[in-house]
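Colleague:
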Amino acid sequence: MYQYNARDHQLVRERVQQFRGQTERYLAGKLSDEQFLPLRLQNGLYVQRLAPMLRIAIPYGLLSSRQLRKLADITRRYDKGYAHFTTRQNLQLNWPQLECVPDILAELAEVEMHAVQTSGNCIRNVTSDQFAGVATDEVEDPRPWCELLRQWSTLHPEFAFLPRKFKIAVNGSQADRAAFLFHDVGVELVRNSAGETRCNIYAGGGLGRTPVIAELVRRELEPQHLLTYLDALLRVYNSHGNRANKYKARIKILVKAWGVERFATAVEDEWQFAKGGENTLTSASIEAMKAHFTLPDYRQPNADAEQQLQQQAASELAFARWLERNSHSHKQPGYRAVTLSLKPTGVAPGDVTDRQLEAIAQLADDYSFGEVRATHNQNVVLADVRIEQLYALWQAAKAAGFATPTVGTLTDMICCPGGDFCSLANAKSIPVAESLQRRFDDIDYLYDLGDLELNISGCMNACGHHHVGQIGILGVDKKGEEWYQIQIGGSAGKDAALAKVLGPAFSRDQVADTVANLLSVYTDNRIDGESFLETYRRIGLDPFKERVYAQAS
Amino acid sequence: MPKLVEQQQLCDNRWQVLDDQQPIPPSHYLLPLARWLAAREIAADGAPFGVIIDGDQPLEELAPTLAELPLIAIHFAKFADGRGFSTARLLRGRYGYRGELRACGDIFRDQLFFLQRCGFDSFELPDEADQSWLQSLHDFTVSYQAAAR
Ligand code: SF4
Chain A
0 MYQYNARDHQ LVRERVQQFR GQTERYLAGK LSDEQFLPLR LQNGLYVQRL APMLRIAIPY
60 GLLSSRQLRK LADITRRYDK GYAHFTTRQN LQLNWPQLEC VPDILAELAE VEMHAVQTSG
120 NCIRNVTSDQ FAGVATDEVE DPRPWCELLR QWSTLHPEFA FLPRKFKIAV NGSQADRAAF
180 LFHDVGVELV RNSAGETRCN IYAGGGLGRT PVIAELVRRE LEPQHLLTYL DALLRVYNSH
240 GNRANKYKAR IKILVKAWGV ERFATAVEDE WQFAKGGENT LTSASIEAMK AHFTLPDYRQ
300 PNADAEQQLQ QQAASELAFA RWLERNSHSH KQPGYRAVTL SLKPTGVAPG DVTDRQLEAI
360 AQLADDYSFG EVRATHNQNV VLADVRIEQL YALWQAAKAA GFATPTVGTL TDMICCPGGD
420 FCSLANAKSI PVAESLQRRF DDIDYLYDLG DLELNISGCM NACGHHHVGQ IGILGVDKKG
480 EEWYQIQIGG SAGKDAALAK VLGPAFSRDQ VADTVANLLS VYTDNRIDGE SFLETYRRIG
540 LDPFKERVYA QAS
Chain B
0 MPKLVEQQQL CDNRWQVLDD QQPIPPSHYL LPLARWLAAR EIAADGAPFG VIIDGDQPLE
60 ELAPTLAELP LIAIHFAKFA DGRGFSTARL LRGRYGYRGE LRACGDIFRD QLFFLQRCGF
120 DSFELPDEAD QSWLQSLHDF TVSYQAAAR
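From first to last, the protein sequence lines stand for chains A and B.
Read in numbering that gives the first Met the number 0, the first sequence has 172 at position 173, and its numbers run on one by one without any break.
Read in numbering that gives the first Met the number 0, the second sequence has 76 at position 77, and its numbers run on one by one without any break.
(1) Going straight from the alpha carbon of residue 80 (chain A) to that of residue 70 (chain A), what length do you get?
(2) Helix or strand or just coil, what does DSSP make of residue 126 (chain A)?
(3) Please report the residue range of the alpha helix (DSSP H) in which residue 144 (chain B) lies.
(4) In this structure, does DSSP put residue 96 (chain B) in helix, strand or coil?
(5) At least one CB of chain B closer than 8 angstroms to the CB of residue 153 (chain A): is that the case?
(6) Measure the C-alpha to C-alpha separation of residue 446 (chain A) and residue 408 (chain A) and round it to an integer number of angstroms.
(7) Let me know the secondary structure DSSP gives residue 527 (chain A) once reduced to three states.
(8) Mind listing which residues of the region 108 to 142 of chain B have their C-beta closer than 7 angstroms to chain A's C-betas, in chain order?
(9) Less than 8 angstroms between the beta carbons of residue 206 (chain A) and residue 375 (chain A), yes or no?
(10) Kindly examine ligand 1 and report whether one of its heavy atoms sits closer than 7 angstroms to the Cβ of residue 24 (chain B).
(11) Do the region 130 to 149 of chain A and the region 58 to 78 of chain A touch if we need at least three Cβ pairs shorter than 8 angstroms?
(12) Could you check whether residue 499 (chain A) and residue 509 (chain A) sit closer than 8 angstroms to each other, using their CB atoms as the reference points?
(13) Between the beta-carbon of residue 490 (chain A) and the beta-carbon of residue 520 (chain A), is there less than 8 angstroms?
(14) In the structure shown, what three-state DSSP assignment does residue 145 (chain A) receive?
(15) At a Cβ threshold of 8 angstroms, is residue 124 (chain A) touching chain B?
(16) Determine the closest residue to residue 470 (chain A) out of A:116, A:480 and A:513, with distance taken between C-alpha atoms.
(17) Note down the Cα distance separating residue 90 (chain B) from residue 32 (chain B), rounded to an integer number of angstroms.
(18) Residue 313 (chain A) to residue 319 (chain A), Cα distance in whole Å?
(19) Is residue 442 (chain A) helix, strand or coil when you go by DSSP?
(20) Which residues of chain A have a Cβ atom closer than 9 angstroms to the Cβ of residue 92 (chain B), listed in chain order?
(21) Can you check DSSP and say which residues form a bridge with residue 71 (chain B)?
(22) Taking the CB atoms as reference points, tell me whether residue 29 (chain B) and residue 72 (chain B) lie closer together than 8 angstroms.
(23) Under 8 angstroms between the Cβ atoms of residue 167 (chain A) and residue 182 (chain A)?
(24) Which partner residues of residue 199 (chain A) appear in the DSSP bridge assignment?
(25) Where does residue 419 (chain A) fall in DSSP's three states?
(26) Is any non-hydrogen atom of ligand 1 found closer than 7 angstroms to the C-beta of residue 454 (chain A), if you look at the structure I gave you?
(27) If you check the beta carbons only, do residue 4 (chain B) and residue 10 (chain A) fall under 8 angstroms apart?
(28) Let me know the alpha helix (DSSP H) ranges lying completely inside the region 323 to 386 of chain A, each 4 residues or longer, listed in chain order.
(29) So if I threshold CB-CB distances at 7 angstroms, which residues from the region 16 to 43 of chain A count as touching chain B?
(30) When the Cα atoms are used, what is the spatial distance from residue 290 (chain A) to residue 241 (chain A)?
(31) Please confirm if the region 174 to 190 of chain A is in contact with the region 122 to 131 of chain A, defined as three or more CB-CB distances below 8 angstroms between the two stretches.
(32) Could you tell me which whole alpha helix (DSSP H) segments of length 4 or greater appear in the region 484 to 552 of chain A?
(33) Which parts of the region 453 to 489 of chain A are runs of the beta strand (DSSP E), unbroken and 3 residues or longer, counting only runs that do not cross its ends?
(34) Among the candidates A:195, A:288 and A:50, whose CA atom is the shortest distance from the CA of residue 150 (chain A)?
(35) For the region 48 to 61 of chain B, which residues have a CB atom closer than 8 angstroms to at least one CB atom of chain A, in sequence order?
(36) Say the cut is 7 angstroms; is the CB of residue 460 (chain A) nearer than that to a heavy atom of ligand 1?
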């Protein structure tokens with residue numbers, strides 16, 4: 000993974016110094032609330048319902064065991080001993096003291112971490128595929144490109160006061176595991192007909208109260224121009240994005256209002272003057288960045304390794320289940336990637352304690368070259384596990400509570416912090432997740448349902464990505480009471496689709512029954528191993544609607 | 000008295016912003032764009048002057064006159080409105096403007112570093128600004144991306 004050089008260290012240290020000064024001036028009354036707001040947000044600090052919240056960047060999800068141990072230590076000393084993995088590969092602390100934040104940031108800087116631009120109207124943490132570098136369907140490793148983008152966007156002087164937040168995702172695989180079509184800019188790494196790397200640039204995607212699928216603005220951009228092109232694109236947005244109405248300020252609204260052609264032409268026009276400028280990447284700078292993401296020291300598997308694994312699976316059903324759901328194919332023969340599930344029943348999805356962070360660090364050291372990845376569905380991945388060690392890892396993960404064998408199933412849901420923590424919430428989301436996990440605890444049934452994404456957001460800001468869940472649940476406020484709107488048919492992949500609302504909202508008690516009804520429509524109607532999404536696409540919304548509301552009335 | 004930072008030094012701001020009618024003083028005045036476009040012979044007497052524009056002003060009309068202008072002031076209506084940052088980059092980059100570029104209006108200390116990086120070289124500051132504000136021009140000694148400076 001990327002190692003800081005002297006410049007990186009210097010920059011984060013100076014950033015901490017700067018924020019320390021700003022915090023002191025704020026506490027001394029020399030900086031107004033209004034002025035301090037963008038400064039603290041761009042250092043990750045929110046003020047939430049109960050206390051400040053600090054969002055720490057995990058650039059494109061990569062973490063070392065050393066960083067995990069530092070995070071554990073920070074949650075223990077500055078917080079209540081737990082943290083929360085977000086849906087954008089970041090980590091949140093829920094109870095830091097404002098006065099302590101500069102100290103926390105200084106400690107993070109020691110382990111090459113920061114909270115720069117994790118909030119505010121600026122370019123946010125770049126996200127990517129949790130299987131970057133190991134996926135069997137990978138076209139190009141997105142990590143070097145993510146790091147180039149991280150550096151370019153960090154303290155970009157022109158784009159610290161954009162109309163609204165700006166999120167970039169990079170995907171380099173055939174499947175899309177980065178939801179790049181739902182970002183302000185999605186960079187898709189592809190190969191042209193000559194086999195050279197190119198970037199397809201999509202813009203104007205996003206969730207929130209106006210969900211939109213991004214549109215292609217530039218096909219097969221030569222990668223050395225990636226940064227100058229994005230400079231031009233952001234400049235067009237910064238100059239023309241709506242600043243009068245916060246709800247119309249995202250780039251998706253500008254792209255929609257202008258139409259993608261006009262937008263693309265404006266960017267192209269602007270780019271003619273930026274193209275070839277100093278932010279142009281050289282092949283040397285690209286190669287130097289790629290050298291940070293070389294292959295780890297892979298070993299040849301033992302001759303009988305695969306056979307042994309099959310025997311272990313055959314003799315222990317629980318292991319076989321875990322292997323099937325929680326491990327993933329790998330580019331390198333003899334290796335698999337493993338998802339550590341952070342979704343045991345009764346724990347808020349994505350929440351981890353200090354001890355668990357340390358346990359993850361230990362598993363990373365013992366089984367996966369000391370590195371992990373945070374995923375956008377709020378789990379943690381060990382990317383490089385020898386198949387000889389899978390059984391031992393399973394046992395260790397089980398002991399630490401990370402082996403719930405439900406990855407990719409209904410109960411591996413995405414869920415935002417909701418009304419328990421977030422001041423914007425209309426309704427609680429964590430208790431809904433828990434009620435669903437309790438209701439659907441029959442593992443055979445879950446496996447029979449197969450891959451099924453269920454996403455929950457506590458309000459229309461959609462941090463829980465409910466629009467792109469095959470089943471999406473949205474907390475709504477009805478005359479001061481918490482209700483839940485249910486929608487189905489969304490997808491965050493390359494077959495991107497927005498879910499459609501079934502109809503009137505449900506009370507919290509009705510949610511689990513309603514989901515059960517939706518699932519029964521699917522199991523009654525599916526043919527030949529169809530997924531929930533495929534069945535829905537074939538039979539449409541009506542059969543689901545009919546059953547759900549017939550039962551409810 | 001309002002302050003001005005010029006060449007990284009804090010001084011009193013003696014510049015006057017004119018409206019469309021006010022008589023033109025001997026020097027140190029800022030003209031609205033329309034007035035400048037209508038009376039460019041002003042530049043001939045060589046006295047220090049400039050043009051003031053809003054951060055969201057399109058630059059097409061101004062562009063052909065840039066070589067005659069010793070100073071452009073970009074006015075920030077609200078500090079959170081970042082359009083002026085891009086306007087500065089456009090002037091310095093796309094339009095190759097070499098004269099003085101001044102940030103004025105609602106700006107505050109913690110923006111000075113980024114403003115400077117976008118090509119501003121003077122800053123109009125509120126009355127309470129003191130020497131300590133100048134430190135913010137040096138918040139960082141390193142940066143990742145190329146910018147105007
Ligand atoms: S979706 Fe709404 S409730 Fe949930 S975290 Fe986001 S803003 Fe808060």
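Every residue, glycine too, gets a C-beta built ideally from N, C-alpha and C.
Modeller: According to the data block:
(1) 10 angstroms
(2) strand
(3) Where residue 144 (chain B) is concerned, there is no enclosing alpha helix (DSSP H), given that its DSSP letter is neither H nor E.
(4) coil
(5) yes
(6) 7 angstroms
(7) coil
(8) 109, 113, 116, 117, 138, 139, 140, 141 and 142
(9) no
(10) no
(11) yes
(12) no
(13) no
(14) helix
(15) no
(16) A:513
(17) 15 angstroms
(18) 7 angstroms
(19) helix
(20) 272, 273 and 276
(21) B:50 and B:100
(22) yes
(23) yes
(24) A:187
(25) helix
(26) no
(27) no
(28) 353 to 366
(29) 17, 21, 34, 37 and 38
(30) 41 angstroms
(31) yes
(32) 507 to 524, 531 to 538 and 541 to 551
(33) 453 to 456, 470 to 477 and 480 to 487
(34) A:288
(35) 55
(36) yes
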